[in-house]
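Read through the structure below, which is laid out as structure tokens, and then see the notes.
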Amino acid sequence: MNLETLKQWVAESNRIVFFGGAGISTESGIPDFRSVDGLYRQKFEYPPEQIISHSFYQRDPSYFFRFYREKMLPLGFKPNVTHFKLAQWEKEGKLLGVITQNIDGLHQKAGSRKVYELHGSVLRNYCVRCGKFHDAEFVKDHPDVPRCLCGGIVKPDVVLYEESLDANTIEGAVSAIEHADLLIVAGTSLTVYPAAGLVNYYKGNRMVLINRDETPYDHRADLVFHRNLGEIFSNI
Ligand code: ZN
-11 MNLETLKQWV AESNRIVFFG GAGISTESGI PDFRSVDGLY RQKFEYPPEQ
39 IISHSFYQRD PSYFFRFYRE KMLPLGFKPN VTHFKLAQWE KEGKLLGVIT
89 QNIDGLHQKA GSRKVYELHG SVLRNYCVRC GKFHDAEFVK DHPDVPRCLC
139 GGIVKPDVVL YEESLDANTI EGAVSAIEHA DLLIVAGTSL TVYPAAGLVN
189 YYKGNRMVLI NRDETPYDHR ADLVFHRNLG EIFSNI
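Numbering (this note's numbering), first residue to last: -11 to 224.
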């Protein structure tokens, strides 16, 4: 029943905006780097939120990169049905853009062009001294703190705790949401601010929320699915 409504809305829309979180990537097999288990405790003595903060990065880049390489640099994963469907909608002129909290670059890999990466991307890395670009493999293969030929540290273009989000990215995301005729929010618990606050810019009456668990925005949505993203997207 709900699925039929969603199908109809998708068919009628030509300004779809998708706002996605970790849930879309976990369905590609990418583990959530914030998850802390026994194995984690053997390897790291600080909580993830502390290690991926700007001050920690400055204090102990070697430790930061050990964590980053192991937990945040998931290379070799493939986009799934949700990524591909969104890329298809963009090609068909039905989708204004994808806003994502993920840093894995899987939307682009699936063919999406208009992607607002709120937290940056592991695929972009720049020397802090000369600004030279380095790819993710460069960072992955480096034994310790990755350094450019010029000697500068190569820093991933990923937003760390204590750092602010990129203003242009936020502006683009807000504009897309304001112009959306259908907003699909998926795979996010909507608890990470300020990203979660973006949803408030939507003024329409077709907001769809897809998430395994309940979110604080369920009551705001016009359609709610507590299911896997892939199940929904393979049927629309
Ligand atoms: Zn350099």
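Idealized CB from N, CA, C, for every residue including glycine.
Everything numeric in this text was worked out from a predicted model, so none of it was measured.
Who are VAL(-2)'s beta bridge partners in DSSP? Answer is none; VAL(-2) lacks a bridge partner.
Nearest-angstrom Cα separation, counted from ALA124 out to LEU111: 5 Å
Between the C-alpha atoms of ILE158 and TYR104, what's the straight-line distance to the nearest angstrom? 8 Å
Leaving aside the five residues before and after HIS107 along the sequence, list all residues of the same chain whose C-beta is less than 6 Å from its C-beta, in chain order. GLN89, ILE91 and VAL147
Any heavy atom of the ligand ZN inside 7 Å of the beta-carbon of LYS120? yes
Going along the chain, which residues of its own chain have a beta-carbon closer than 7 Å to the beta-carbon of PRO62, five neighbours each way excluded? ILE18 and ASP92
What's the gap between the Cα of VAL5 and the Cα of ARG208? 17 Å
Alpha carbon of ARG78 to alpha carbon of LEU217, nearest angstrom: The displayed chain sequence assigns Glu, not Arg, to residue 78. Whole-angstrom Cα-Cα distance: 18 Å.
For my contact list, LEU94 and VAL86 are in at a C-beta cut-off of 8 Å; report their separation, rounded to the angstrom. 10 Å between Cβ atoms; not a contact.
Pull up the distance between the alpha-carbon of PHE213 and that of ASN188, whole angstroms please. 19 Å
For VAL178, collect the residues of the same chain with a Cβ closer than 7 Å to its Cβ; drop the 5 residues on either side in sequence, then sort them by chain order. Checking the sequence, you will find Leu at residue 178 rather than Val. Correct list, in chain order: ALA184, VAL187, THR203, PRO204 and TYR205.
What residue does the beta strand (DSSP E) around PRO49 start on, and which one ends it? Premise fails: PRO49 lies in the alpha helix (DSSP H), 49 to 55, not in any beta strand (DSSP E).
If you scan the segment 146 to 175 from start to end, which runs of the alpha helix (DSSP H) of 4 or more residues do you find wholly inside it? 155 to 167
Identify, in the order they occur along the chain, each residue of the same chain with its Cβ nearer than 7 Å to the Cβ of PHE52, setting aside the five sequence neighbours on each side. ILE39, PHE44 and TYR45
In angstroms, rounded to a whole number, what distance separates the CA positions of SER23 and GLU(-8)? 35 Å
I need the straight-line Cα distance from LYS128 to ARG135, nearest angstrom please. 12 Å
PRO36 by DSSP, collapsed to three states: which one? helix
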